[in-house]
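Comments concern the structure below.
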Amino acid sequence: LVNGLRKNGRMHEAKELFQNMFEKGLSPDSVIYTSFIDGLLKEGSMPMAFKVGEEMIDKGVMLDVVTYNVFINGLCKRGKIHQAEELLKEMLEKGLAPDHTTYNTLMDAQCKAGNVNEAFELCDQMTRSGLVPNLVTYNTLIGGLCESGKMHKIGELLNDMLKAGFAPDSITHSILIHGCIKKGTAEDVFRMHEQLLEKGLSPNLDTYNTLIDAFCTRGMTRKAKELWDEMLKKGLVPSVITYNALIDGYCKNKNLGESFCLYGEMIRQGIAPNLATYNILLGGLCMVGLMQEADELLNEMVVRGLVPN
RNA sequence: GGCCGUCUACCCAGUGGC
């Protein structure tokens with residue numbers, strides 16, 4: 099329950115439930131503590147998270163690898179890589195073995211900080227400790243190479259990945275397609291897509307969403323529409339994300355007719371428009387000065403139970 | 001022997017920097 103609440107943005111209720119446990123004479127175990135601490139860190143309450151961590155120690159509840167991983171991730175996400183590394187040291191000194199998540203988290207932080215080489219160094223360290231890179235490791239490093247503009251090194255890493263028995267998944271695909279959109283042409287995007295298919299990627303809803311969005315972002319709605327037709331032919335069912343991506347493409351091209359046509363269709367198909375859908379459509383209407391219509395749409399979203407942000 | 005908590009990308013907008 100605590101985990102379910104905090105994962106759905108109801109941290110406040112999670113806190114109450116967590117407190118209630120004590121009143122009922124129950125002591126949270128390390129799983130509940132860890133989930134709660136993760137929630138605190140993700141809402142930015144770092145001092146509180148550390149206080150709860152100390153409470154765990156006081157009550158004699160074991161801090162395990164996952165607890166450490168949660169703290170390391172919380173620190174990394176706020177740019178405190180150094181402190182995170184201190185925790186890794188602490189784990190090693192305590193004889194608590196770091197796992198894939200520990201290393202992957204630190205690698206990701208180094209990548210995001212622009213230190214891909216440090217990330218690869220950590221990968222070596224992990225391997226020396228007996229942990230072979232997993233799919234998340236490869237995806238993280240691939241993302242690091244993309245962000246630092248080292249696209250030329252990706253082929254080799256993909257091959258290593260294959261040799262290790264991992265086919266690219268839809269996350270690998272998303273990372274690489276986004277890497278291509280930044281500098282590459284539409285051809286590059288397709289070539290990358292083909293390359294991944296050759297390496298064992300199975301096309302699914304997510305890969306279509308990524309591609310459709312990639313082309314829509316570039317205003318290439320005709321190509322995007324071809325992909326849409328292709329996915330339907332394969333029996334895949336478009337999601338809110340598919341609709342939003344295409345609606346956005348048409349809006350950016352000032353083709354509001356097509357946008358609203360899709361909006362109507364998604365509703366008929368039983369796909370509920372979300373906040374993003376309305377932000378896209380409102381932006382489209384405002385861009386061409388249709389303020390009256392924008393106002394009506396704003397009412398419509400409220401009627402549908404959505405809160406404008 | 002098993003289960004619950006942690007890591008990688010992603011649809012609109014929003015903040016900051018250049």
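Numbering-wise, the first sequence is residues 99 to 407 according to the working numbering.
Backbone N, C-alpha and C fix where the C-beta goes; we use that ideal spot for every residue, glycine too.
Minimum C-alpha distance to residue i - residue among the options
i, options, result
"Val150", "Val163, Lys113 and Lys175", "Lys113"
"Ser337", "Cys349, Lys321 and Gln367", "Gln367"
"Phe313", "Ala284, Leu139, Phe148 and Ser357", "Ala284"
"Gly355", "Val386, Leu115 and Ala195", "Val386"
"Ser128", "Met144, Met109, Leu115 and Glu153", "Glu153"
"Phe218", "Lys251, Glu324, Met146 and Lys187", "Lys251"
"Ala207", "Lys321, Met146 and Lys178", "Lys178"
"Met107", "Phe134, Cys209, Pro301 and Lys157", "As written in the sequence, residue 107 is Gly, which differs from the Met given in the question. Answer by Cα proximity: Phe134."
"Lys90", "Arg176, Leu190, Thr225 and Gly282", "Residue 90 lies beyond the residue range present for the chain, which begins at 99 and ends at 407; the question has no answer from this structure."
"Thr199", "Glu191, Leu404, Glu121 and Leu186", "Leu186"
"Ile279", "Asp311, Glu191 and Lys192", "Asp311"
"Lys281", "Glu254, Lys248, Ile269 and Pro301", "Lys248"
Exposure label - residue i; buried when at least 16 CB within 10 Å
i, result
"Met160", "exposed"
"Val335", "exposed"
"Asp162", "exposed"
"Ser125", "exposed"
"Val214", "buried"
"Met119", "exposed"
"Pro196", "buried"
"Gly381", "exposed"
"Leu99", "exposed"
"Gly277", "buried"
"Asp258", "exposed"
"Val401", "exposed"
"Cys359", "exposed"
"Thr340", "buried"
"Ile155", "exposed"
"Val287", "buried"
"Leu325", "buried"
"Leu256", "buried"
"Thr225", "exposed"
"Asp327", "exposed"
Sequence-distant residues of its chain with Cβ nearer than 8 Å to residue i (five each side left out)
i, result
"Gly317", "Gly347, Lys350 and Asn351"
"His271", "His291, Leu294, Leu299, Asp304, Thr305 and Thr308"
"Gln223", "Tyr201"
"Ile273", "Asn237, Ile240, Gly241 and Cys244"
"Ile365", "Pro371"
"Leu383", "Leu354, Met389, Glu391, Ala392 and Leu395"
"Cys221", "Tyr201, Met205, Pro231, Thr235 and Leu239"
"Leu115", "Leu99, Val100 and Leu103"
"Glu183", "Leu204"
"Ser143", "none"
"Ile275", "Val287, Met290, His291, Thr308, Leu309 and Ala312"
"Met189", "Val163, Tyr166, Ala195, Pro196 and Thr200"
"Lys157", "Ser125"
Close beta carbons around residue i, own chain, < 6 Å, minus the five adjacent residues each side
i, result
"Asn372", "Val338"
"Tyr376", "Met399"
"Met109", "Gly137 and Glu141"
"Ser246", "Val214"
"Lys321", "Phe313"
"Ile130", "Val100"
Same chain, Cβ closer than 7 Å to residue i, neighbours up to 5 away in sequence not counted
i, result
"Asp132", "Here residue 132 turns out to be Thr, not Asp, going by the sequence shown. The residues are Val164, Thr165 and Val168."
"Leu233", "Phe264 and Asp267"
"Asn407", "Leu373"
"Ile378", "Asn342, Ile345, Asp346 and Cys349"
"Glu216", "Gln208"
Legend entry - At least three beta-carbon pairs within less than 8 Å, the stretch 125-141 to the stretch 163-174: Segments in contact, yes.
Inset, instruction - May I ask you to verify whether the stretch 263-283 touches the stretch 210-229, counting CB pairs closer than 8 Å and requiring at least 3? - result: Fewer than three Cβ pairs drawn from the stretch 263-283 and the stretch 210-229 lie within less than 8 Å of each other, which leaves the two stretches out of contact.
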